[in-house]
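First the structure, in the form of structure tokens, and then the observations on it.
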Amino acid sequence: MRILENKNVLVGVTGSIAAYKAADLVSMLKKEGCNIKVLMTESSQEFITKTTLEALTGNKVSIDSKKTKTNYEHLDLSKWADIVVIAPCTANVMNKISNGLGDDLLSTTCLAFNKELFIVPAMNPEMWNNDITQGNLKKLEHTKIKIIGPEYGKHACGDFGYGRMTSPDQILEKIKDLNSGKILSGLKILVTAGPTREPIDPVRFISNYSSGKMGYSIAYIAHQLGADVELISGPTSLDDIKKIGTHYVETAEQMAEKVFENIANKNIFISTAAIADYRPAHYSSSKHKKSDESLKIELERGVDIISEVSKNYKKVFTVGFAAETEDLIMNAKNKLKKKNLDMIVANIANHKNNIGFESDYNKVTVITPDFIEDVDSGRKLDVAHEILRKIHRYYFQAITKNKKYAKKS
């Protein structure tokens, strides 16, 4: 049986130039065996006709206007639907939903709906990057609502940036993933995230630009996909993730201790943390005073956590991360081999392009001994979803080929 077969799906279409893509999404959902109804805002009719969507669904389209079929149409639709997906979702509608407004048929339907709601943003890059939009996005991320996209690229107006609607086939895949009975169910995953701080004296330390956002995204999505997730976090400014056990550490040594305390019963270890390779050889118990002379600090090599896990816990599927400034693939492949990892996720550390460290966005390449696959630039939550899909696929391929990865209970 197909994953979405007989599901009642309500597709909301708003007034974006990307509204024409809703026809493709509806067609794909229809092929999956879904029962589909469409709710259009008045402005969306300037980009696609209700006749087209009625022909594709076989159902009358609900139009967002003051002349609704009944006084309770929003309740009728919210009770009928198993899934609501708003694609495309304009900045206006997304900001409205995030603030709990209900002044039209679409927004009141969303307020009354308590199951799976997917929002697929589509807007100009400046509108997407607006502080108000980004603030409202963070509100939505703290709810059960799922955000899919947006993508990076050229817009109809000629601008480049984030805000392009995710393609209908990718939307469908993500909806299927989250309705597939939890693809990571039964797996125990340990994730490390954030930077470490190596103290020089009571007021100074060595650290790096890692925000922890990629690791927290991995942990959050893995939990959504059914995994039993444990997180070890260096110092970040991020909120706790509900329902995920988290250990907080400062130094690389503390992170190593927590990893080795918790790794033994895990299936998968995902090391996203930017762990300090070196630490001061001597800690000064008093503050180094400023002087005209140069200050020299001797550094010593720290523990290589993921190498130790790979070497001593051979039944754990190990996934490393590599941030590089040049020769990305070559350097990542060398690390994969040297550390004897099952998979490595590589990205270019590039502050100018607003991806990687400190950013909400990333673009990565996933490398194993057998394949190299790019993951398109996108929000770290979306990138995390794609990484975990690849981990899931390759992990179960590895089980089939090599019995060392016996599924733990």
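Numbering-wise, the working numbering puts 212 at position 208 of the sequence shown, and it's gapless, one number per residue. The C-beta atom is built at its ideal place from N, Cα and C for all residues, glycine as well.
Thinking residue 310 and residue 332 are a contact (beta carbons under 8 Å), I'd like their distance in whole angstroms, please. That belief does not hold up - the Cβ atoms of residue 310 and residue 332 are roughly 18 Å apart, past 8 Å.
When we look at the beta-carbon of residue 227 and count the other beta-carbons within 10 Å, is it buried (16 or more) or exposed? buried
Start and end of the alpha helix (DSSP H) containing residue 172? Counting along the chain, the unbroken alpha helix (DSSP H) around residue 172 starts and ends at 172 to 181.
Name the DSSP beta bridge partners of residue 382, please? Residue 382 pairs with 155, 366.
Should residue 78 be labelled buried (16 or more other beta-carbon atoms within 10 Å of its own) or exposed? buried
Indicate whether residue 198 and residue 255 have their beta-carbon atoms separated by less than 9 Å. no
Excluding the 5 residues flanking residue 400 on each side, which residues of the same chain have their C-beta closer than 8 Å to its C-beta? None.
Please confirm if the segment 122 to 139 is in contact with the segment 56 to 68, defined as three or more CB-CB distances below 8 Å between the two stretches. no
Name the two residues that bound the continuous beta strand (DSSP E) containing residue 202. 202 to 205
Please report how far the alpha carbon of residue 93 lies from the alpha carbon of residue 153, in whole angstroms. 11 Å
Let me check one thing: in DSSP terms, what residues is residue 66 bridge-paired to? Residue pairing by DSSP places residue 66 opposite 43 in a beta bridge.
Evaluate residue 164 with the Cβ neighbour count: other Cβ atoms within 10 Å of its Cβ, from every protein chain shown; 16 or more gives buried, anything less gives exposed. A residue is called buried when at least 16 other Cβ atoms come within 10 angstroms of its Cβ; residue 164 does not meet this threshold and is exposed.
If I follow the unbroken beta strand (DSSP E) through residue 264, where does it start and stop? Careful: residue 264 lies outside any beta strand (DSSP E), inside the alpha helix (DSSP H) at 256 to 266.
Assign residue 320 to one of three DSSP states: helix, strand, or coil. DSSP places residue 320 in coil when its eight states are reduced to three.
Reduced DSSP category for residue 118 - H, G, I as helix; E, B as strand; rest coil: coil
CA-to-CA distance, residue 297 to residue 390, given in whole angstroms: 51 Å
Nearest-angstrom Cβ-Cβ length linking residue 68 and residue 44, presumed shorter than 8 Å: 6 Å
Does the count of Cβ pairs from the segment 135 to 148 and the segment 158 to 176 closer than 8 Å reach three? Between the segment 135 to 148 and the segment 158 to 176, the count of Cβ pairs shorter than 8 Å is below three; the stretches do not touch.
Tell me the DSSP bridge mates of residue 93? 125
What does residue 16 pair with, by DSSP beta-bridge criteria? Its beta-bridge partners are 43, 90.
When the Cα atoms are used, what is the spatial distance from residue 342 to residue 275? 16 Å
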